[in-house]
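Below is one structure, written out as structure tokens; comments come after it.
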């Protein structure tokens, strides 16, 4: 007897429908074809144990299983359940008349319980696109899969539940979750707030500008000056996620297995802070079984690199192309995968090896040569992709001891949202451009060209401060964002002056001067 069940293979964010064909005849062999990896081939042993422990006998027959398309690599344990149901249907223990209307995914435990899988959300999206009536997933994945509307999604606890469902011996109701209401309710719930930050008004202003234009930024200051504290509060002032952004972000986290059982849609922008010992593969993604890296997990959010010079230099260099293209293509001998990675890159670092260069209260013991070598750990091309470079000094005790809190994140966020709306309106006809940080050189001349007085100011700054040539376009981008925060249609000299103040590391005498 020949029976077909349907499941899915996840490759990056791409999902392909897989048809499991089970043919049973007289004999005692088990054949599995269709480019299955070790985890899929081991499913035979899990299926046998699961069936026996749930009161079903594994058929003694010649069983041939083909997973089509046969040239697509099948990886992981999510194929256990469709394989088991196919075998039981071929053995006439499960009715086969409804199998072509449902996509089935799930890993089997030896006791027959269903274990959670990765990628339930993109699989559900594919099932709806292929016009399946419903999707059967482990109960732990039900909330993320139920995000997809116009699809009946059933969360099952065990193999016996799935058998009862197809045989009609027990009634199950599809799960319906008002995820959109939950999404909007949770958007403004942040545990960290800029109201907790005392002083550092210039740094908070720089972060407001960075958030308003989507600019990458780096903070340079001695230990204890509040770099990490403020970076962790940056998501609280970013514009809220749209439903489309949330869906794409949730898919990436679903594939990586980062969603909890009680999560449906990710409602807040991600904040990822990898340790400086991270490898290139963990940062960009890939591996034997390809997974999204930290840069993709930070998609539509913030990637924070604390103590930037401590990262391996070759690891930092792999950021250059993703920062520019906002997508990462991972090519290996057996696969090629593309992940989105549009994120704000925020970094922090000490100004020297001892950490106290320029600190008014501590003496720096580093020589200019040591400081220069320390700074050279960060390459020019990487710095070229960082628009805002801001120096931080420790907050004096009199400011820390003030009882009055700082400006709350909600107030800063309102200004950021207004500036982003101006940018969205400006770039609405241009595909792939959503904020000032993404402007091309031609667009800079079109939307951020200064007047004659502004050009004179720029020329003076380039000469007196010994700014590098690469700083020119970055200054204009940031100045355009500052103008948007002021609701100014043109870039004024005051906007340029503030933007110039955010290019500290481009000054040629940085390591020889006193901060």
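Residue numbers (the working numbering): 209 to 723.
Yeah, the Cβ is synthetic: ideal placement off N, Cα and C, and Gly gets one too.
In the structure shown, residue 700 falls within a coil segment according to DSSP collapsed to helix, strand and coil.
The way I'd put it, the stretch 332-342 doesn't touch the stretch 276-283; fewer than three beta-carbon pairs between them come closer than 8 angstroms.
For residue 247, the CB contacts under 7 angstroms within the same chain, skipping 5 residues up- and downstream, are 283, 284 and 285 in chain order. Taking a cut-off of 8 angstroms on C-beta distances, the stretch 557-565 does not touch the stretch 528-546, as fewer than three cross pairs fall below it.
The Cβ atoms of residue 645 and residue 421 lie closer than 7 angstroms to each other. When beta bridges are read from the DSSP output, residue 210 appears opposite 231.
By the neighbour-count criterion, in which 16 or more other beta carbons inside 10 Å mark a residue as buried, residue 514 falls on the buried side.
Taking 4 residues as the shortest admissible run, the stretch 644-680 contains the following complete alpha helix (DSSP H) segments, listed from N- to C-terminal end: 649-655 and 660-672. For residue 491, no beta strand (DSSP E) encloses it; the enclosing alpha helix (DSSP H) starts and ends at 488-492. Take the alpha-carbon of residue 431 and the one of residue 621: they are about 28 angstroms apart. With fewer than 16 other Cβ atoms inside 10 Å of its own Cβ, residue 587 counts as exposed. In terms of Cα proximity to residue 479, the closest of 671, 428 and 399 is 399. Per DSSP, the beta-bridge partners of residue 500 are 493. DSSP links residue 477 through a beta bridge to no other residue. In the same chain as residue 482, and ignoring 5 residues on each side of it, the C-beta atoms closer than 6 angstroms to its own belong to 502, in chain order.
Residues of the same chain with a CB within less than 7 angstroms of the CB of residue 335, apart from the 5 flanking positions on each side, are 311, 343 and 359 in chain order. It is roughly 55 angstroms from the alpha-carbon of residue 619 to the alpha-carbon of residue 372. Counting the other Cβ atoms within 10 Å of the Cβ of residue 584 gives fewer than 16, which makes it exposed. DSSP places residue 239 in the uninterrupted beta strand (DSSP E) bounded by 238-241. In terms of Cβ geometry, residue 232 and residue 276 do not form a close pair [threshold 7 angstroms]. In the DSSP assignment, residue 342 falls within the beta strand (DSSP E) that extends over 342-346. Following the DSSP letters along the chain, one finds residue 553 inside the beta strand (DSSP E) bounded by residues 552-557. Apart from sequence neighbours up to five positions away, the residues of its chain that approach residue 465 with a beta-carbon distance below 6 angstroms are 326, ordered along the chain. Judged by DSSP secondary structure, residue 548 falls within the beta strand (DSSP E) whose first and last residues are 544-548. Residue state for residue 269 is assigned as coil, using DSSP reduced to three classes.
Annotation: the continuous beta strand (DSSP E) that includes residue 425 extends over 425-428. In this chain, residue 365 is not harboured by any alpha helix (DSSP H), its DSSP state being neither H nor E. When DSSP states are grouped into helix, strand and coil, residue 519 belongs to the coil group. The continuous alpha helix (DSSP H) containing residue 583 extends over residues 576-583. Here DSSP, grouped into helix, strand and coil, assigns residue 485 to coil.
At the C-beta level, residue 704 and residue 665 come within 7 angstroms of one another.
By the Cβ-count criterion, residue 710 is buried, with 16 or more other Cβ atoms from all chains shown falling within 10 Å of its own Cβ. Residue 425 places its beta carbon less than 7 angstroms from that of residue 418. Around the beta carbon of residue 416, a 10 Å sphere encloses 16 or more other beta carbons of the protein chains shown; the residue is thus reported as buried. Non-local beta-carbon contacts of residue 299 in its own chain, meaning distances under 7 angstroms to residues more than five positions away in sequence, involve 232 and 267 in chain order. Residue 306 sits in coil when the DSSP states are folded into three classes, being neither helix nor strand.
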